[in-house]
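Be aware that the sequence shown starts at 0, since it is given in numbering that gives the first Met the number 0, and climbs by one per residue. Note that beta-carbon positions come from the ideal geometry of N, C-alpha and C, so glycine has one too. Fair warning: this is a prediction, and the values are worked out from it, not measured in the lab. To keep things clear, I will list the structure first and then write my remarks on it.
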Amino acid sequence: MSDAYKILTEIPSLVVDRLRADSFFSDVPIIAEDVGADFNQFIEDRIEIEIGKIGLAAIVAPVSANASLENAAGIYYERIPVIVRWVELPAVNRSATGRGLLAPWCVVRTNMLLNNYLLPGLSNIFVDDPPWVRVPDPERIIYDCNHWTHGGAVETP
Numbered sequence: 000m001s002d003a004y005k006i007l008t009e010i011p012s013l014v015v016d017r018l019r020a021d022s023f024f025s026d027v028p029i030i031a032e033d034v035g036a037d038f039n040q041f042i043e044d045r046i047e048i049e050i051g052k053i054g055l056a057a058i059v060a061p062v063s064a065n066a067s068l069e070n071a072a073g074i075y076y077e078r079i080p081v082i083v084r085w086v087e088l089p090a091v092n093r094s095a096t097g098r099g100l101l102a103p104w105c106v107v108r109t110n111m112l113l114n115n116y117l118l119p120g121l122s123n124i125f126v127d128d129p130p131w132v133r134v135p136d137p138e139r140i141i142y143d144c145n146h147w148t149h150g151g152a153v154e155t156p
């Protein structure tokens, strides 16, 4: 596995670790999706298990990027999207058994924690677009926090 590919596969776990380290998210499931999994199918399968407990969970999508700047000394990724999806079941989350953190609060905290967070071997993470709500669902509130970074692996001859 090349260093450049290894960097891409490590980003989700680094993001999960960063979010889990914050006491604001204590007891909230924050999951890194398996590389190569279908993001939407992963959510349907895994989130139902995690979110059913307290009504709130986050999923960090696996990252992918196209190598650019081919003349660089190694592989350089000019734009690497980093997406954290927050899913809330208000009926559970806002009940006596739920965590009580609202999805919009989690989005704001996620953006605060990740903006300018320096990833090893890459640049800082930056907020990309404003978070957006997924297709309305009568039972769920789903936000995508969109971030990006760049960087790569320098290879020496």
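Looking at the DSSP output, Pro80 shares a beta bridge with Trp147. Boundaries of the beta strand (DSSP E) harbouring Ala31: Ile29 to Ala31, taken from the DSSP string. For Leu112, the enclosing alpha helix (DSSP H) begins and ends at Ala102 to Leu113. The DSSP-derived three-state label of Leu13 is helix.
In the same chain as Val27, and ignoring 5 residues on each side of it, the C-beta atoms closer than 8 Å to its own belong to Ile53, Leu55, Ala56, Ala57, Arg98, Leu100 and Cys105, in chain order.
Measuring C-alpha to C-alpha distances from Val86 to each of Ile79, Ile50 and Ala95 identifies Ile50 as the nearest. Three or more pairs of CB atoms, one per stretch, sit closer than 8 Å, so the segment 119-129 contacts the segment 143-150.
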